[in-house]
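Reading through the structure tokens given below for one structure.
Protein chains: 2
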Amino acid sequence: MKIDPDSTKDLSAQIAEAIRAEIVGGQLIVDQRLPSEAELADHFEVSRPTVREALKRLAAQSLIRTQRGATGGAFVNRLRFEDAYDQQVTTASLLLSMNAVSFDVACEARYALERACAPLAAQRRTPDHLATMRAEIHRQCQPGLTDEAFCASDVTFHRALVDGAGNKVLSYQLAGAVEAMQPLMNMITFTARSREAIVALHTDIADAVEAQDAAKTDATLIKLEAYTRELAHSVVTARAQKATSKEQTSA
Amino acid sequence: MKIDPDSTKDLSAQIAEAIRAEIVGGQLIVDQRLPSEAELADHFEVSRPTVREALKRLAAQSLIRTQRGATGGAFVNRLRFEDAYDQQVTTASLLLSMNAVSFDVACEARYALERACAPLAAQRRTPDHLATMRAEIHRQCQPGLTDEAFCASDVTFHRALVDGAGNKVLSYQLAGAVEAMQPLMNMITFTARSREAIVALHTDIADAVEAQDAAKTDATLIKLEAYTRELAHSVVTARAQKATSKEQTSA
DNA sequence: GGCAGATTAAATGTCAGACATTAAAATGTA
DNA sequence: TACATTTTAATGTCTGACATTTAATCTGCC
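Residue numbers (this note's numbering), protein chains in the order written: chain A, 12 to 262; chain B, 12 to 262.
Dropping the structure here:
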């Protein structure tokens, strides 16, 4: 394993980077045990706390896992899709919230990606996926549903559609796009009428996917995107008007 | 900030999770300074090294940055798209290499996503994007190019196409899909003839994008995907035959 | 008064050594 | 052999100290 010269960066960052490179580069393979913290400290000529900070950095990225006890230590972790989902969702959410990404841009990206999955989903969907979609549509019709719950159900519906493509890599990529939109979607107030319209479109999508009709699935997704953006715009407009009237009353 | 009971997990992991929740939840906003390590240690009733391990975990995810000196400390970091690209590429690469994702599955996902960008790119591409694509095509024609360099140029070409869509969220999502494929692509030996075929398809794509012809762009991407998979299959077949003949000679 | 340089203060970065805890392996015993 | 005990090697945590960096403050000189 490589050493590190006297650079400007933290020692723990350098050590983490060195080990990370070994993992990404394939020198350290899955489930292989790293040297103990004491041995690493010895090798890199730093103290054990410094090594530990480096290992925690790697653990935060799910690159390693640690185990206590006699045969314990740090092991190269098999990065599973489920672990990656979470990171993906967190990262995507923060990107949207911290970079002032507009609703339109996020929405466009999301539906572009979703439409990429749709033809495959129409082809390969299983009864399981269809059942999930139908169940969520049913849930969305419940009258007492809060806006948050409606959005959550919306996410589940769309994830079922995406998973229907039967491609784990696609599902992983889409997890971020779909779930990261949720906070933005939560800003929308869903009236009874708009819910009705969305449910109708969802039903059309489920029907089209069940009929393995890729073209109709695509067309309906385009409609849904247009309607979603229309809803968001009306919210923005309503807020602007409210702000204006408030200014007038206070003036 | 919340405290943590005596759980089975590491204290540093719990503290990191608590702070992470505050950042994701918006209680801690961008560029806000966290309490000093000593104060955090006091608050969570742990020692400073434990707090530091927690902070390093967050730093590894680019959620915070640290600064030394009198007015230093840990600050909530604005997660930029560029930082997220790197994480995305690393994660996607590891997912593919550690989970035995087949070339077909990865390739299908990549081209499905890329085709999602194509219509937007055809509509919005700037002269800059076109110039990059043409330059990379030119590079790909150089006779002395190694397979690695050819693949790298291929990635640059496709990223220019994706960036042409003018949607940062899409570019971010695609970065992982396109770049993570590179190690898999590097397994392919590109003969002079196959390079010629790929360059021809790339030229067709650039022409179609320049002409803002979404349909033709899509059709050519489909051809390129088919050709890429064909190439990969021939490599696999050739290897299988080689292995078989080796068995025979050794037997 | 204003500015350059020295000092101070507050924070992170690093170290050393110790003890606590865990879990497997080795050992002893019925 | 089967079971209980001890040993051991590793991570998890704590204490206290020192090093380093950086900005703010103070000081002295013009």
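The beta carbon of each residue, even a glycine, is placed where N, CA and C say it ideally should be.
Rounded to whole angstroms, the Cβ separation of B:ARG68 and A:ARG63 is 11 Å, and the two are not in contact under 8 Å. Note on geometry: alpha-carbon atoms of A:ARG250 and A:LEU212 lie some 26 Å from one another. Taken in chain order, the whole alpha helix (DSSP H) runs of length 4 or more contained in the stretch 97–143 of chain B are 114–135. Residue range 84–87 is occupied by the beta strand (DSSP E) that includes A:GLY84. Contacts with chain A at 8 Å (Cβ-Cβ) include B:GLN184. Counted as a single uninterrupted DSSP element, the beta strand (DSSP E) harbouring B:THR77 occupies residues 75–78.
Per DSSP, B:PHE201 lies in no alpha helix (DSSP H) and is assigned neither H nor E. Contact between the stretch 77–96 of chain B and the stretch 148–163 of chain A is absent: fewer than three C-beta pairs spanning the two stretches fall below 8 Å. Unbroken alpha helix (DSSP H) runs of no fewer than 4 residues, entirely contained in the stretch 168–255 of chain B, are found at 179–191, 193–196 and 203–221, following chain order.
The beta carbons of A:ARG135 and A:GLY175 sit closer together than 8 Å. The C-alpha of B:LEU232 lies about 27 Å from the C-alpha of A:ALA103. Approximately 6 Å separates the beta-carbon atoms of B:LEU181 and A:ALA123; this is inside 8 Å, confirming the contact. Contact annotation: the stretch 184–195 of chain B does not touch the stretch 130–144 of chain B, with fewer than three C-beta pairs closer than 8 Å. Where B:GLN25 is concerned, the enclosing alpha helix (DSSP H) starts and stops at 22–36. Per the C-alpha coordinates, the member of B:LYS20, B:ILE199 and B:THR167 positioned closest to A:GLN78 is B:LYS20. Residue environment analysis places B:GLU207 among the exposed positions, since fewer than 16 neighbouring C-beta atoms fall within 10 angstroms of its C-beta. In this structure, A:MET192 and A:ALA117 form a Cβ contact; the two beta carbons are roughly 6 Å apart against a cut-off of 8 Å. Ranked by Cα distance from A:ILE26, the first of A:ALA65, A:ASP53, A:GLN38 and A:HIS54 is A:ALA65. Annotated three-state conformation of A:ARG91 is coil, per DSSP. Cβ contact annotation for A:ARG240 (same chain, cutoff 7 Å, sequence separation greater than five): ASP115 and CYS118, in chain order. A Cβ-Cβ contact shorter than 8 Å links B:MET196 with B:ASP165. The shortest C-alpha to C-alpha distance from B:GLY83 to any of B:ARG145, B:LEU45 and B:GLU33 is the one to B:LEU45. Within 8 Å of the CB of A:GLU64, the CB atoms of chain B belong to ARG63, GLU64 and LYS67, in sequence order along the chain. Proximity to B:THR200 across B:PHE55, B:ALA95 and B:THR248 peaks at B:THR248, based on C-alpha coordinates.
Of B:ILE40, B:THR143 and B:LEU107, the smallest CA-CA separation from B:LEU74 is found for B:ILE40.
Nearest neighbour of B:GLN72 by Cα position, chosen from A:ALA111, A:ALA146, A:VAL220 and A:ALA95, turns out to be A:ALA95. Secondary-structure assignment with DSSP links B:ARG44 through a beta bridge to B:PHE86. Interface residue (Cβ-Cβ distance to chain B less than 8 Å): A:PHE168 is not classified as such. DSSP places A:GLU56 outside both helix and strand once states are collapsed to three, so it counts as coil. Sequence-ordered contacts of the stretch 132–163 of chain B with chain A are nonexistent [C-beta pairs closer than 7 Å].
Annotated three-state conformation of A:THR19 is coil, per DSSP.
Only residues of its own chain outside the window of five on either side were considered, and among them LEU212 have a CB closer than 6 Å to the CB of A:LEU235, listed in chain order. CA-CA distance, A:THR101 to B:VAL35, rounds to 8 Å. Residues of chain A with a Cβ closer than 9 Å to the Cβ of B:ALA95 are, in chain order, THR102, ALA103, LEU105 and LEU106. Judged by DSSP in its simplified three-state form, A:ALA70 adopts helix.
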